[in-house]
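These notes are about the structure you will find just below.
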Ligand code: ADA
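Numbering (this note's numbering), first residue to last: 24 to 575.
This is the structure:
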């Protein structure tokens, strides 16, 4: 299952064996094919821990008709084949995509997915980085059987109108038929439902069915009371029910007013963590049970928010955030790109795809309170700033219901604070430089205001210090757990004690593997600024952060 609940009651889902046959296609790979469970990453297969190359996953299944293969995420270049014929290609590990095969004869077929985790000219966003771009089918896969038309997307945007919740529900429909057909749909949100006006769906075309529903008795969603409702569309083609899509949503509005972020009118104070999708030897194929436990640990520490640095997350994680009332800053994929990298010939196309897929796929999650983009890229040259503006505007255009932001490098001279709804900066006082955090945060608040951010909310989107798990020493030198705990305590006080700051996202929740080119700054090729290690064992800072968060 791609989600934590059933998305279809009418659309038929076929089963695929969780065991796939894996063959590597480049040097340094396996001597012979092996069986692997999916989702998983290549790097978790014995012998492939450092493999960079292509690999093919094959799965034989029985079925027929019009088949839709849905991939929650394949890292990070994918080609999908059915019985040897290419069906689809996709770039980017962090969003879902599909591949459709029509009129497949009933019988035994082979689904083949070729993955490629090599950096190079074909990849503008997955580059050597301070986290690891694993390879493989790292999110769940589903196999569905479709009729003559199907719902490609269901979006619901709740709004408060004169004190009453109203939901705009939209179902996008795609035809797989060579003839024009008439479609209609029953759209439901919470306890309300209506029949959207019938329309002609042109042969092989697309259409959107929509309705506005008044939810007179809805209870709002909030971190303290994360009430979720169902939303669904049941599609009829020429009067016959053929397809459905189901999701969940919550009634809440996010607004920026002056220097405050309001959720249903209440100001938010963010106490959050940055979290990568990475767990021990499983890499980015993080099981839902681990996601839930990560959220429990963050909750235990007193956090109310998580930032999905630096890419869209698995929707199962977002489902858990919706249910647990954890606020989410979700961002599209990019970290630390120079102007030259932002001008890579594929940058715009790959970024736009990621942004469009992120918003189309995640718009209904009430926990997402803000969209972000382009972590620490070039925001100080006119060319870089123009790319930031393009990206921020794309986010706004696709979802005008949420504020937008970007986590920027800690430096004066940004040209884009004026373009963000919320100004966000990544700071590392006492870690990369010895400045007093209180002085540094105040200084940052002043340069943000002077560079176009005056009067806007300010978030410290990263702040932290490193510690090697288990390295304790009364000298509290750098890399000890003691030193990390001391630094985090001062950083939290500096940020949450400064009235200019709306919130903090600590860098970071858990240690993560990084690319080997970072070895000289990252002992063990691990970014070890986590308050827990790669297996979620708490460091001394876990308890310290808990004490500090409790003060605010
Ligand atoms: C940056 C960056 C993170 C990480 C962090 C660090 O702010 O956004 O991805 O690299 O620094 O650990 O230094």
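Just so it is clear, CB atoms sit at the ideal spot from N, CA and C, and this is done for glycine as well.
Source: prediction; values computed, not measured.
The three-state secondary structure of residue 230, taken from DSSP, is strand.
In the pairwise beta carbon analysis, the stretch 407–425 is classified as not touching the stretch 206–213: fewer than three pairs are separated by under 8 Å. Here residue 100 is bridged, per DSSP, to 114, 139. Between the C-alpha atoms of residue 553 and residue 428 there is a straight-line separation of about 24 Å. Judged by DSSP secondary structure, residue 294 falls within the beta strand (DSSP E) whose first and last residues are 293–297. Between the beta-carbon of residue 483 and that of residue 518 there is about 5 Å, and that keeps the pair under the 8 Å contact cut.
At least one heavy atom of the ligand ADA lies less than 7 Å from the C-beta of residue 332. For residue 80, the uninterrupted beta strand (DSSP E) segment begins and ends at 77–94. For residue 252, the enclosing beta strand (DSSP E) stretches over residues 252–260. DSSP places residue 43 outside any alpha helix (DSSP H); the residue lies instead in the beta strand (DSSP E), whose first and last residues are 42–47. Here the C-alpha atom of residue 436 lies approximately 9 Å from the C-alpha atom of residue 404. Burial state of residue 340 is buried, judged by a 10 Å Cβ sphere holding 16 or more other Cβ atoms.
As far as DSSP is concerned, residue 505 takes part in no beta bridge.
The C-beta distance from residue 92 to residue 166 rounds to 6 Å, short enough to fall under 8 Å. Taking 7 Å as the cut-off, the C-beta of residue 411 does not count as close to any heavy atom of the ligand ADA. DSSP assignment within the stretch 312–375 yields the following whole alpha helix (DSSP H) runs of 4 residues or more, N-terminal first: 338–347, 362–365. Relative to the ligand ADA, even the nearest heavy atom lies 7 Å or more away from the CB of residue 336. With contacts defined by Cβ atoms closer than 8 Å, residue 181 and residue 35 do not form a contacting pair.
Shown here, residue 144 sits in coil according to DSSP, grouped into three states, outside any helix or strand. Take residue 259, set aside five residues on each side of it, and the residues of its chain with a beta-carbon closer than 6 Å to its own are 207, in chain order. Per DSSP, residue 565 is one residue of the alpha helix (DSSP H) stretching across 563–573. With respect to the 8 Å criterion, residue 529 and residue 327 are not classified as neighbours on the basis of their beta carbons.
Only residues of its own chain outside the window of five on either side were considered, and among them 277, 350 have a CB closer than 6 Å to the CB of residue 392, listed in chain order. Here residue 213 is not near residue 193, since their CB atoms are 8 Å or more apart. Residue state for residue 387 is assigned as coil, using DSSP reduced to three classes.
Apart from sequence neighbours up to five positions away, the residues of its chain that approach residue 85 with a beta-carbon distance below 6 Å are 131, ordered along the chain.
Straight across, the Cα-Cα distance linking residue 135 with residue 102 is about 8 Å. For residue 121, the secondary structure class from DSSP, reduced to helix, strand or coil, is strand. Selection 571, 64, 55, 561 evaluated against residue 316 yields 561 as nearest (Cα-Cα). Residue 398 has its Cβ nearer than 7 Å to a heavy atom of the ligand ADA. DSSP places residue 65 within a helical segment (H, G or I) once states are collapsed to three. Remark: the C-beta of residue 530 is in contact range of the ligand ADA, defined as less than 7 Å to any heavy atom.
Assignment of residue 393 by DSSP, reduced to helix, strand and coil, places it in the strand class. Non-local beta-carbon contacts of residue 123 in its own chain, meaning distances under 6 Å to residues more than five positions away in sequence, involve 91 in chain order.
Taking all protein chains shown into account, residue 220 has fewer than 16 neighbouring C-beta atoms within 10 Å of its C-beta and is therefore exposed.
Taking residue 242 as the centre and dropping the five residues before and after it, the same chain places the C-beta of 248, 250, 274 closer than 8 Å to its C-beta, in chain order.
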